[in-house]
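Q: Have a look at this one.
In our numbering, the protein residues as written are 51 to 290.
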């Protein structure tokens with residue numbers, strides 16, 4: 051065999067230099083080719099120009115959110131907790147989204163000494179309880195059974211469950227390999243979400259969510275609530 055070294059390649063050494071990749075285009079390509087495992091290698095950051103996410107640490111900030119809740123008829127909710135077992139889980143924080151690209155995170159528990167001043171779980175739940183228990187406000191969540199059971203242990207009974215995006219995903223595609231929120235977001239929104247291992251790690255070095263800096267949990271939690279509301283608007287018409 052003889053290699054032909056005179057073939058025109060159409061590229062130059064300069065064109066082969068490693069450059070900073072365009073993550074947005076890369077995500078589109080990986081989604082088109084269904085390279086989900088490679089998607090996880092893309093560093094995910096929240097663009098403040100595109101997403102309006104807030105951390106609520108004071109009574110006045112929470113009151114501002116309460117005022118906004120009074121003007122809507124549905125919202126998505128997501129809990130960050132210390133455990134996947136609902137009977138052992140303690141609420142770390144609550145995220146709420148009222149409209150796409152906008153979300154609010156209310157931390158209530160943080161284990162490390164350098165924690166910022168935050169509102170107590172009892173105070174926050176007393177403020178949110180009228181909205182959570184009033185059926186006229188439709189609640190949207192991903193696997194709301196988990197949130198319902200955890201909140202019930204804290205004295206809050208959710209009424210007015212309007213839409214569960216995990217159940218919707220299963221009904222639309224029961225043969226799918228997974229129906230976790232990041233799976234559904236990848237399929238329907240072409241969105242790579244912040245991996246939870248970026249916050250809590252994995253294996254022997256894994257830490258509870260209550261030891262992750264609040265600002266990191268806030269972005270993660272807000273994205274969960276925001277993505278869930280986004281998905282509701284996409285999945286509901288398909289179910290109809």
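Even glycine gets a Cβ: it sits at the ideal position worked out from N, Cα and C.
(1) What would DSSP say about residue 232, mapped onto helix, strand or coil?
(2) Out of 151, 106 and 71, point me to the one whose CA is closest to residue 279's CA.
(3) For residue 146, would you say it is in contact with chain D, using Cβ-to-Cβ distances shorter than 8 Å as the test?
(4) Taking residue 245 as the reference, give the member of 239, 232, 254 and 257 with the closest Cα.
(5) Would you mind working out which of 156, 77, 174 and 71 sits nearest residue 205, comparing C-alpha positions?
(6) Alpha carbons only, please: which of 66, 153 and 250 is nearest the one belonging to residue 126?
(7) For residue 270, which option in 157, 83 and 217 has the closest C-alpha, if you only look at C-alpha atoms?
(8) For the alpha helix (DSSP H) that contains residue 215, what are its first and last residues?
(9) Have a look at residue 215 and residue 258 and give me their C-alpha separation to the nearest angstrom.
(10) Nearest to residue 172 by CA position, among 109, 227, 133 and 122, is which residue?
(11) What are the start and end residues of the alpha helix (DSSP H) that includes residue 81?
(12) Compare the C-alpha of residue 136 against each of 111, 198 and 262 and name the closest.
(13) Using the C-alpha atoms, what's the distance from residue 87 back to residue 130?
(14) Spatial neighbours of residue 143 within its chain, please: CB distance less than 7 Å, with the 5 preceding and 5 following residues excluded, ordered by chain position.
(15) Between the alpha carbons of residue 70 and residue 76, how many angstroms are there, rounded?
(16) Express the C-alpha separation of residue 64 and residue 115 in angstroms, rounding to a whole number.
(17) In angstroms, rounded to a whole number, what distance separates the CA positions of residue 51 and residue 81?
(18) Measure from the alpha carbon of residue 242 to the alpha carbon of each residue in 277, 212 and 261, then state which is nearest.
(19) To the nearest angstrom, how far is it from the Cα of residue 222 to the Cα of residue 60?
(20) In chain order, what residues of the same chain have a beta carbon less than 7 Å from the beta carbon of residue 177, not counting five sequence neighbours either side?
(21) Over the uninterrupted alpha helix (DSSP H) stretch that includes residue 110, give me the two end residues.
(22) Taking the continuous alpha helix (DSSP H) assigned at residue 191, which residues delimit it?
(23) To the nearest whole angstrom, what separates the beta carbons of residue 187 and residue 123, a pair I think is in contact under 8 Å?
(24) Applying the criterion that 16 or more other CB atoms from any shown protein chain within 10 Å of the CB defines a buried residue, is residue 201 buried or exposed?
A: Let me lay it out:
(1) helix
(2) 151
(3) Here there is only one protein chain, and chain D is not present.
(4) 232
(5) 174
(6) 153
(7) 157
(8) 215 to 222
(9) 25 Å
(10) 109
(11) 73 to 82
(12) 198
(13) 25 Å
(14) 130, 155, 156, 157, 158, 267 and 271
(15) 11 Å
(16) 53 Å
(17) 40 Å
(18) 277
(19) 45 Å
(20) 112 and 116
(21) 109 to 119
(22) Per DSSP, residue 191 belongs to no alpha helix (DSSP H); it is in the beta strand (DSSP E), 188 to 191.
(23) 6 Å
(24) buried
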